[in-house]
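Scroll down for the structure; my scribbles are underneath it.
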Amino acid sequence: MLKATIVVLLAALTGIAGWWTWMVRENVLGNEIELERQQGRISELEGELDQSQARVGELGVEVEEKKRRILELETRLTLLKVDHRVARLEVVRQGPDPADPKRTVTTVRFVEFGPDGETLGPGQEITLPGKKLYLDTQVVKFEDDYVEAGEFLRGTSLCLFRRMFSEVVAPEDGVALDQQGTHPRPYTGGDSEDELFHAELWQRFWDYANDAEAAAEKGVRAAHGEAPSIEARPGKVYRVELRASGGLTIRPD
């Protein structure tokens, strides 16, 4: 009886030990499987992180490229709108004409400026009957691409002052401001590339004004006359400005 009991106990202990061993193995195996699954997930997440970081890098490059492009466009727009002072009109005196008190006479000092912003001489004193003064000019405008790029030869419009007249004096009877048929004072004085280029433009001004193909070869968008005017008032000084991509304006200084 005792032996049977011992046998039963040993069998039970053996069963328990076997069961326990099986449980431990199952837990270990389950943990290993879970660990492998977690490691696989970690690898996936690391892969996704690498992809995200790569995309962030690409987006950073795109952002910098867009910033550069925006800055470039802003610079181009700024260059298009740059105004250069090309002359000054100073009202020296204005009053009744001694020969005809019913008529007003205006005297102004006209001064041109060079590309460096410095005056070109003491200026020219001009007296005309009337109050409204006109500047008879010729203007060369270049294609926007050249202006936007600040191109050496064609980075801004050019202007030639021909004469000044008034509402009383006809254009053909006006006072000459530049010798007709020559290029303006700001563009004379040498044989550098820009001076020769500009000189040729003025010598053939009306050819380019009437020949679109020839004008296009020079990068000229338009060549034509302009005659801005201002009602001069005593004591006033006016700025004459030329827009890089456009024409002339007159405004109080």
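When the sequence shown is numbered by the working numbering, its final residue is 1279 and no position is left out of the sequence of numbers. Here a beta-carbon is modelled for each residue, glycine too, at the ideal position from N, C-alpha and C. This structure is a prediction, so every number in the text was calculated from the model and none was measured.
{"Asked": "Given that a residue counts as buried once 16 or more other Cβ atoms are within 10 Å of its Cβ, and exposed if not, what is residue 1209?", "Found": "Below a pLDDT of 50, predicted positions are generally treated as unreliable, and residue 1209, at 46, falls in that range; the measurement from the model is reported next regardless. Under this definition residue 1209 is a buried residue."}
{"Asked": "Less than 7 Å between C-beta atoms, sequence neighbours within five positions excluded: which residues of the same chain meet that for residue 1136?", "Found": "1113, 1115, 1149, 1150, 1152, 1190, 1203"}
{"Asked": "Leaving aside the five residues before and after residue 1207 along the sequence, list all residues of the same chain whose C-beta is less than 7 Å from its C-beta, in chain order.", "Found": "Only weak support is given to the placement of residue 1207: the predicted model assigns it a pLDDT of 40, under 50, and the value that follows is read from those uncertain coordinates. Contacts found: none."}
{"Asked": "Quick check on the DSSP output: the beta strand (DSSP E) that includes residue 1186 runs from which residue to which?", "Found": "1184-1192"}
{"Asked": "Between the alpha carbons of residue 1205 and residue 1187, how many angstroms are there, rounded?", "Found": "Note that residue 1205 scores a pLDDT of 49, beneath 50, so its modelled location is shaky; the value from the coordinates is reported in the next line. Going by the C-alpha atoms only, they are around 9 Å apart."}
{"Asked": "Within 10 angstroms of its Cβ, does residue 1162 collect 16 or more other Cβ (buried), or is it exposed?", "Found": "buried"}
{"Asked": "How many angstroms separate the CA atom of residue 1084 from the CA atom of residue 1070?", "Found": "21 Å"}
{"Asked": "Could you check which residue in 1176, 1154, 1230, 1233 has the C-alpha nearest to that of residue 1196?", "Found": "1154"}
{"Asked": "Residue 1223: which of 1250, 1277, 1181, 1274 sits nearest, CA to CA?", "Found": "1181"}
{"Asked": "Across which residues does DSSP place residue 1258 in a beta bridge pair?", "Found": "Note: residue 1258 sits in no beta bridge, so no partner."}
{"Asked": "Spatial neighbours of residue 1227 within its chain, please: CB distance less than 6 Å, with the 5 preceding and 5 following residues excluded, ordered by chain position.", "Found": "1166"}
{"Asked": "Starting from the N-terminal side, write out each stretch of the beta strand (DSSP E) that is 3 residues or longer and does not extend beyond the region 1100-1175.", "Found": "1109-1123, 1126-1138, 1150-1155, 1158-1168"}
{"Asked": "Can you give the Cα-Cα distance for residue 1251 and residue 1118, rounded to whole angstroms?", "Found": "27 Å"}
{"Asked": "Give the DSSP-derived three-state secondary structure of residue 1177 in the structure shown.", "Found": "coil"}
{"Asked": "In whole angstroms, what separates the C-alpha of residue 1086 from that of residue 1271?", "Found": "35 Å"}
{"Asked": "Beta carbon of residue 1109, beta carbon of residue 1275: below 9 Å?", "Found": "yes"}
{"Asked": "Just to confirm the assignment, what range does the beta strand (DSSP E) spanning residue 1268 have?", "Found": "1263-1269"}
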